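Working notes for the structure below.
Put into structure tokens, the structure is as follows:
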């Protein structure tokens, strides 16, 4: 009903009577629906004998807003929105116990137990974009890095489109602006050895939110970098659209475009790097990113194929 | 308490009084514990003025029985037993939401919703061995086939030790006797692209159970093949011991022994095979099993690396 009312409200006035007629409800019911939209942040002008008109939409990631002009094929056809939730990835995982659409989105204004890789805490206050995508990609577990790559590309695309800023991708799962982390991605899969049952891609993107003071050295937000508030819903839509295209490619076994775009934004090929994982530290030159998304690192001793670790670029 | 009482009962009589003393409970309480053991299938003789003695233990996969002489390092230190449960893999998965020991076992006499690969139903009536192992192997998802391999080897070892029958392994996850399926393995992982968070290995082994009539052509039980009832608890212990050794190797990155033993029981190298997966059918010769457990299939056109599919040996 709320959705239908939004579809009818325009910049020009429309009378309460014709709204009531179109929606098949009473004029009092129309008035109640208008109030509930105002609660969500919609600005609606109401003038006697003229009716209602929409002044402005809120920057809130409710399904009604995300869906406007969301021309995706798979991603975002089902949207779960929360004001506050422990973790969007956790909720998304629970959704998979029931039947849930491929490409379903879980988004929350605040996460109280947001997590990054290796169970690191992810601070998720109001103003950021914290969301998860549930997908059924029907690929092998070894290809799952491609999902993280596609997600980082989607975030890069979204940031470029909305702010004009060109970020860089830091292997394996971060997006940086001027060397500072603006986004982290946590891909989780449920699989058998030969196929993924489902994957959850969690994206945490610092937009208009504040940062914890101890993070300011290494992290940034789009608001800091662009100098003004960024329209979160538009940004989210842009990310979803880009991911939708990559996801279609992944489903059809086409990884090459993703790999090439990823390489151009990661700028790792030919770089000297140091990679630490647990007690192992490797130094060498990055020769390639292989078809599974692994880094091919070469040094005097031999060639390594690396899927995990903390990376530092030396030169 | 039940556990302690079992430790005290021997083939020779022990008086109710000394049992009561050792356990720090009343003689009536001893009698109640004895009754509860009898309910579980223990045969206990009770003679006035002599006391109690243990006549026989039941072939029931309760923790008290599985643990007897179970000289494993990691596997089976925590055991959850059920008379009936929908699915041991499902329960095992739920356990991982809380803290659960590496190597924890979930075993049930009956599964009402047993599952095989690709969500196929797995008929799990009384008399079989239906259990799952929860592990935290700290390996990459691409190595997860090694877990299935180690589990099939453990089942082969167990069957050989207890019945003398030498089964064969059918790639990717079955154990056969004379061409008929006696065991299926369902490995499920929860992972990030670069590491497994946890894995559940589900093992369904036809022991003394009946088979559905439509399965008799392609399936068999150890009872059919050996001609008599097989002691399930001993078999389970033997499987757990073998898996414990392989698991230690996997944790330390040693895959070669598993690969070699697996190859000797699968006898696939050099064979002409047909592999079907979805709409794709490939024919060729198996050249190798690589370090990730993938089959290397060669034909006139090229070499393929195969992780999934239904396999048929042609010659």
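Residue numbers (my numbering), protein chains in the order written: chain A, 6 to 320; chain B, 6 to 320.
Positions of the beta carbon are idealized from the N, C-alpha and C atoms, including for glycine.
Quick caveat: nothing in here was measured; it's all calculated off a predicted structure.
Under the criterion of beta carbons closer than 8 Å, residue 271 of chain B and residue 159 of chain B do not qualify as touching, at roughly 14 Å. Under the DSSP assignment, residue 267 of chain A falls outside any beta strand (DSSP E), being part of the alpha helix (DSSP H) whose first and last residues are 261-271. Using a Cβ-Cβ distance cut-off of 8 Å, the segment 73-83 of chain B and the segment 176-196 of chain B are not in contact, since fewer than three pairs of beta carbons, one from each stretch, lie closer than that value. By the Cβ-count criterion, residue 162 of chain B is buried, with 16 or more other Cβ atoms from all chains shown falling within 10 Å of its own Cβ. Using a Cβ-Cβ cut-off of 8 Å, residue 146 of chain B is close to 146, 147, 149, 194, 196 of chain A, given in chain order. Looking at the DSSP output, residue 315 of chain A sits in a beta bridge with A/281.
In this model, residue 310 of chain B and residue 129 of chain B are separated by some 33 Å (Cα to Cα). Cβ neighbours of residue 56 of chain B within its own chain (closer than 6 Å, five residues either side excluded): 18, 19, 20, 21. In this structure residue 42 of chain B is in contact with residue 7 of chain B, their Cβ atoms being roughly 6 Å apart against a cut-off of 8 Å.
With at least 16 other beta carbons inside 10 angstroms of its own, residue 249 of chain A counts as buried.
Measuring C-alpha to C-alpha distances from residue 211 of chain A to each of A/240, A/61, A/46, A/148 identifies A/240 as the nearest.
Put simply, the CB of residue 312 of chain B is near chain A, with a gap under 8 Å to one of its CB atoms. Secondary structure of residue 136 of chain A (DSSP, three-state): strand. Contact of residue 142 of chain B with chain A is not assigned, every C-beta pair being separated by 8 Å or more. Secondary structure note for residue 237 of chain A: its alpha helix (DSSP H) is the uninterrupted segment 237-256. A distance of 8 Å or more separates the beta carbons of residue 204 of chain A and residue 287 of chain A. Between the alpha carbons of residue 149 of chain A and residue 307 of chain B lies a distance of about 25 Å. Listed along chain B are 197, each with a C-beta nearer than 8 Å to that of residue 122 of chain A. At least one C-beta of chain B is nearer than 8 Å to the C-beta of residue 200 of chain A. Residue 225 of chain B counts as buried, since no fewer than 16 other beta carbons sit within 10 angstroms of its beta carbon. Shown here for residue 213 of chain B: same chain residues with a beta carbon closer than 8 Å to its own, the five before and five after excluded, namely 132, 133, 226, 227, 228, 234, 235, 237 in chain order. With fewer than 16 other CB atoms across the displayed protein chains lying within 10 angstroms of its CB, residue 99 of chain A is exposed. Check the Cα spacing between residue 261 of chain B and each of B/76, B/295, B/182, B/14: the tightest is with B/295. Using a Cβ-Cβ cut-off of 8 Å, residue 126 of chain B does not count as an interface residue toward chain A, since no Cβ of chain A sits closer than that to its own. Annotated three-state conformation of residue 94 of chain B is helix, per DSSP. Residues of chain B whose Cβ lies closer than 7 Å to the Cβ of residue 153 of chain A are, in chain order, 198. With the criterion set as a beta carbon lying under 9 Å from some beta carbon of chain B, the segment 67-92 of chain A has no members that meet it. In the DSSP assignment, residue 159 of chain A is bridged to no other residue. Using a CB distance cut-off of 8 Å, residue 177 of chain A counts as an interface residue toward chain B.
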